[in-house]
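A.B. asks:
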Amino acid sequence: MEIKTPTIKSRILYVRLPCNPIFPIGVVYLSDHVHKLFPTIEQRIFDLGSVPPLDYVSALEGCIDEFKPTLLVFSWRDIQIYAPVGGRGGNPLQYSFEIFYAKNLLEKLHGALGGLRVLIGYFTELWRNLGLIKRGFKRARKYNPDPRLVVGGGAVSVFYEQLGRSLPKKTIISVGEGETLLEKLLTGRDFSDERCYVVGETQPRDRLIHEQPTPIQKTACNYDYIESIWPEFNYYLQEQDFYIGVQTKRGCPHNCCYCVYTVVEGKQVRINPALEVVAEMRQLYDRGIRNFWFTDAQFIPARKFIDDAVELLQKIVDSGMTDIHWAAYIRADNLTPQLCELMVKTGMNYFEIGITSGSQELVRKMRMGYNLRTVLQNCRDLKAAGFNDLVSVNYSFNVIDESAETIRQTIAYHRELERIFGTDKVEPAIFFIGLQPHTHLEEYAFKEGIIKPGYDPMNLMPWNAKKLLWNPEPLGSFFGEVCLQAWRQNPNDFGREVMEILEQKLGCADLEEALSSPIEPKEKQLAGVP
Ligand code: B12
Ligand code: SF4
């Protein structure tokens with residue numbers, strides 16, 4: 006990588022905004038990239054994820070007083086709170102369903118009170134984070150008359166249009182990866198062609214998020230350096246059960262109707278060289294880390310990337326790191342027996358498959374590009390290779406054209422996965438889709454008149470949340486009641502209980518039916534949305 010001289014004298018403070026303790030890989034990569042290009046620039050990482058809530062403001066201000074930054078980089082990871090199981094402040098999905106679907110008044114009241122708590126928590130977090138950005142910016146002005154403020158990260162990438170309304174003038178709001186934006190900023194170059202806009206000066210371009218990110222050559226993160234600019238780094242090394250993030254590629258070529266990853270990261274898959282990934286893991290390994298999460302949108306995005314996955318896993322084997330575990334999002338349609346063996350050999354002990362439905366017909370309508378028959382065959386190969394750990398299968402019911410028949414097919418599919426891996430090893434994670442901006446599902450919702458252009462995706466007041474938490478009628482109330490029954494009967498095994506109740510009510514299809522996908526007239530499919 007070419008070393009450059011910054012034209013602007015900078016002291017960069019990276020602040021990861023409060024978050025459940027997930028390793029702040031975004032700011033780690035950004036500061037590593039900047040250091041490789043501009044070794045003379047002084048940097049500091051400050052992670053509010055490792056600070057107790059009561060100390061957020063004093064700790065942030067203390068850090069600014071000490072470091073006196075000229076450039077503030079705020080990284081905001083997540084905003085959306087719908088989780089299938091207990092999220093922050095309770096189970097938002099359960100509370101919402103109690104409000105929307107409970108017939109029993111007491112249950113409705115429970116939902117209303119819980120929902121109110123979650124709602125207050127949501128807005129408190131939102132305002133608190135906005136407040137932290139503003140306070141940090143103000144504090145930095147004590148030491149430098151004109152500091153720069155840049156805001157980015159997963160949450161900002163999804164809600165970049167809305168967040169502009171609440172951030173100070175001249176804030177640079179960034180979508181997706183931030184490496185080249187920072188590079189341009191530090192050399193005083195025009196950055197208007199990057200995926201960003203400046204509050205009060207420019208408007209986000211139409212379809213900004215759909216623009217392709219500028220490719221960068223990723224090399225192994227230099228953790229000796231990271232340790233030197235991040236005094237609290239050890240926080241993530243102490244607990245043995247943390248899965249530390251390592252990115253092996255960026256981008257996903259698919260088109261799944263509800264997913265925004267493919268636009269945030271772009272459709273072009275960019276592979277990080279296997280040797281560099283292993284060198285990065287080795288540095289963490291030498292610091293005692295044994296659990297890794299490959300943070301890719303998909304670890305094996307398509308068949309043509311199987312060789313890359315094989316190369317990486319083989320290099321992990323060759324490296325001698327034999328006592329590690331790793332997890333990832335896996336498209337299980339892209340496995341081969343060789344890859345399965347390597348996955349087991351390198352310690353994969355958890356993976357998530359987001360098939361969304363066990364009905365091939367619906368999987369096609371949701372534009373997911375999965376062949377469910379292939380997924381089953383590959384799961385058998387994985388089991389034969391010795392995989393004996395947990396699989397989380399993500400189902401989102403009622404996305405489009407769900408019917409009693411397709412529910413029965415999903416049950417049949419799930420039961421087959423249980424036969425392959427063992428009932429206790431397959432965890433059905435029941436999600437309902439949270440409608441996200443810039444997805445095909447959003448376009449579909451416009452077309453169907455469910456939401457109107459200009460709606461606010463961050464407004465989670467109940468009347469809005471009912472539309473954004475995707476569970477439309479005529480089956481919406483049915484699913485609502487099934488979920489409520491499952492929470493009443495077996496809250497600790499919600500997913501399996503939902504499957505059980507659905508099977509009792511509707512029965513189970515023949516597996517062959519689930520795997521075949523009749524072709525339908527085009528206008529009935531989501532694929533018909535322009
Ligand atoms: C991997 C992943 C997970 C893994 C994380 C495992 C781990 N140990 O790290 C798991 C499965 C655990 C997970 C869980 C959740 N996740 Co998640 N996850 C992701 C995913 C796919 C990748 C994140 C990642 O690490 N990428 C790699 C790093 C290097 O990228 P990065 O951190 O984004 O940083 C880059 C850029 O964002 C940018 N950047 C970052 N900060 C800044 C700052 C500035 C100023 C600039 C310029 C740029 C910049 O530059 C960085 C380097 O290129 C993203 C989707 C996606 N494709 O981005 C969702 C995503 C981050 N997750 C999301 C959510 C909501 C969650 C959950 C809260 C879901 C839930 N409801 O339960 C949970 C819980 C998280 C928690 N805090 O408790 C959302 C957040 C946005 C939102 N909707 O609010 C995302 C964006 C998905 C989505 N579209 O909804 N997740
Ligand atoms: S759901 Fe997964 S496979 Fe589909 S577009 Fe999103 S990241 Fe890619």
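Here this note's numbering is used: the first residue of the sequence shown is 6, the next is one more, and so on.
The C-beta atom is built at its ideal place from N, Cα and C for all residues, glycine as well.
Nothing here was measured: the structure is a model prediction, and the numbers come from that model.
Could you tell me if Glu206 is buried or exposed, where buried requires 16 or more neighbouring beta carbons within 10 angstroms of its beta carbon?
C.D. replies: Classification for Glu206: exposed.
A.B. asks: Using a threshold of 7 Å, is the CB atom of His259 nearer than that to any non-hydrogen atom of the ligand SF4?
C.D. replies: True, at least one ligand heavy atom lies under 7 Å from that Cβ.
A.B. asks: Let me confirm a value: Thr176 is counted as buried when at least 16 other C-beta atoms fall within 10 Å, else exposed. Which label applies?
C.D. replies: Thr176 is buried by the Cβ-count criterion.
A.B. asks: Please state whether DSSP places Leu22 in a helix, a strand or coil.
C.D. replies: Of the three classes helix, strand and coil, the one that applies to Leu22 here is coil, per DSSP.
A.B. asks: Considering only the alpha carbon of each residue, which of Leu280, Phe164, Ala160 lies closest to Asp83?
C.D. replies: The candidate whose alpha carbon is nearest that of Asp83 is Ala160.
A.B. asks: Suppose contacts are defined by Cβ-Cβ distances below 8 Å. Is Glu285 in contact with Cys226 by that definition?
C.D. replies: It is a contact, given that the beta carbons lie within the stated cut-off.
A.B. asks: Going by DSSP in three states, His330 sits in which element: helix, strand or coil?
C.D. replies: Reduced to three states, the DSSP call for His330 is strand.
A.B. asks: Using a 10 Å radius around the Cβ and a threshold of 16 neighbouring Cβ atoms, would you call Ile125 buried or exposed?
C.D. replies: The residue is exposed, with fewer than 16 neighbouring Cβ atoms inside 10 Å.
A.B. asks: Rounded to whole angstroms, how far is the Cβ of Ala491 from the Cβ of Glu478, which I believe are closer than 8 Å?
C.D. replies: No, Ala491 and Glu478 are not in contact; Cβ-Cβ is about 20 Å, not under 8 Å.
A.B. asks: Taking 8 Å as the threshold (C-beta atoms), are Val487 and Leu507 in contact?
C.D. replies: Against a cut-off of 8 Å, the Cβ pair of Val487 and Leu507 comes out as a contact.
A.B. asks: So, are the CB atoms of Pro462 and Pro442 less than 8 Å apart?
C.D. replies: Contact flag set, yes.
A.B. asks: Do Pro258 and Pro306 have their C-beta atoms within less than 8 Å of each other?
C.D. replies: Their beta carbons are under 8 Å apart, which means Pro258 touches Pro306 by this criterion.
A.B. asks: Taking DSSP's pairing of strands, which residues face Arg275 in a bridge?
C.D. replies: In the DSSP output, where bridge partners are listed per residue, Arg275 has Arg255.
A.B. asks: Reducing DSSP to helix, strand and coil, say where Ile321 ends up.
C.D. replies: DSSP places Ile321 in helix when its eight states are reduced to three.
A.B. asks: Using only the heavy atoms of the ligand B12, determine whether one of them is closer than 7 Å to the beta carbon of Tyr460.
C.D. replies: No.
A.B. asks: With H, G and I counted as helix, E and B as strand and the rest as coil, what does DSSP make of Val155?
C.D. replies: In the structure shown, Val155 sits in a strand (DSSP, three-state: E or B).
A.B. asks: Just tell me which of Glu237, Asn495, Gly119, Glu505 has its CA closest to the CA of Val556.
C.D. replies: No answer is possible for residue 556: the residues shown for the chain start at 6 and end at 535.
A.B. asks: Whole angstroms is fine: what's the gap from His419's alpha carbon to Lys272's?
C.D. replies: Distance between the alpha carbons of His419 and Lys272 is about 30 Å.
A.B. asks: With DSSP as the reference, identify every bridge partner of Val349, one or two as the case may be.
C.D. replies: Per DSSP, none; premise fails for Val349.
A.B. asks: Please state whether DSSP places Gln303 in a helix, a strand or coil.
C.D. replies: In this structure, Gln303 counts as coil in the three-state DSSP scheme.
A.B. asks: Could you spell out where the alpha helix (DSSP H) holding Phe484 opens and where it closes?
C.D. replies: Where Phe484 is concerned, the enclosing alpha helix (DSSP H) stretches over 481-494.
A.B. asks: What's the gap between the Cα of Gly427 and the Cα of Ile311?
C.D. replies: The alpha-carbon atoms of Gly427 and Ile311 are separated by roughly 26 Å.
A.B. asks: Cβ of Cys384 within 7 Å of any heavy atom in the ligand SF4?
C.D. replies: No, the ligand SF4 has no heavy atom inside 7 Å of this Cβ.
A.B. asks: Can you determine whether any heavy atom of the ligand SF4 sits closer than 7 Å to the C-beta of Gly439, and answer yes or no?
C.D. replies: Not so, every heavy atom of the ligand SF4 lies at least 7 Å from the Cβ.
A.B. asks: Starting from the Cα of Arg140, find the closest Cα among Leu22, Ser197, Arg49 and give me that residue.
C.D. replies: Closest by alpha carbon: Leu22.
A.B. asks: Once you ignore the five residues that flank Ile425 on each side, which residues in its own chain have a CB closer than 6 Å to its CB?
C.D. replies: Closer than 6 Å at the Cβ level, and outside the excluded window around Ile425, lie Cys384, Arg385, Lys388.
A.B. asks: Taking only three categories from DSSP, how would you classify Leu531?
C.D. replies: Interpretation of Leu531 is limited by its pLDDT of 49, a score under 50 that renders its predicted location unreliable; no figure is taken from the coordinates.
A.B. asks: Please return the same chain residues whose Cβ sits closer than 6 Å to the Cβ of Gly31, not counting the five positions on each side in sequence.
C.D. replies: Counting only Cβ-Cβ distances below 6 Å, and skipping sequence neighbours, we find Ser80, Gly158.
A.B. asks: If you draw a straight line from the alpha carbon of Phe402 to that of Asn469, how long is it in whole angstroms?
C.D. replies: Roughly 20 Å separates the two Cα atoms.
A.B. asks: Identify whether Leu131 lies in helix, strand or coil by the three-state DSSP scheme.
C.D. replies: Of the three classes helix, strand and coil, the one that applies to Leu131 here is helix, per DSSP.
A.B. asks: Between Arg16 and Ile69, is the Cβ-Cβ spacing less than 8 Å?
C.D. replies: Their beta carbons are not under 8 Å apart, which means Arg16 does not touch Ile69 by this criterion.
A.B. asks: Please determine whether the Cβ atom of Gly157 lies at a distance below 7 Å from any heavy atom of the ligand B12.
C.D. replies: Yes, the beta carbon of Gly157 sits closer than 7 Å to at least one heavy atom of the ligand B12.
A.B. asks: Buried or exposed for Leu361, going by 16 or more other Cβ atoms inside 10 Å?
C.D. replies: A quick correction: the sequence has Thr, not Leu, at residue 361. Burial call: buried.
A.B. asks: Do you know offhand how far Gly533's Cα is from Ala64's?
C.D. replies: Residue confidence is low: Gly533 scores 37 on pLDDT, short of 50, so the model does not pin down where it sits. Its coordinate-derived value is still stated next. Distance between the alpha carbons of Gly533 and Ala64 is about 52 Å.
A.B. asks: Report the rounded CA-to-CA distance for Asp60 versus Leu77, giving the unit in angstroms.
C.D. replies: Their Cα atoms are separated by approximately 19 Å.
A.B. asks: Label Asp291 either buried or exposed according to how many other C-beta atoms from any shown protein chain fall within 10 Å of its C-beta, with 16 as the threshold for buried.
C.D. replies: Asp291 should be labelled exposed.
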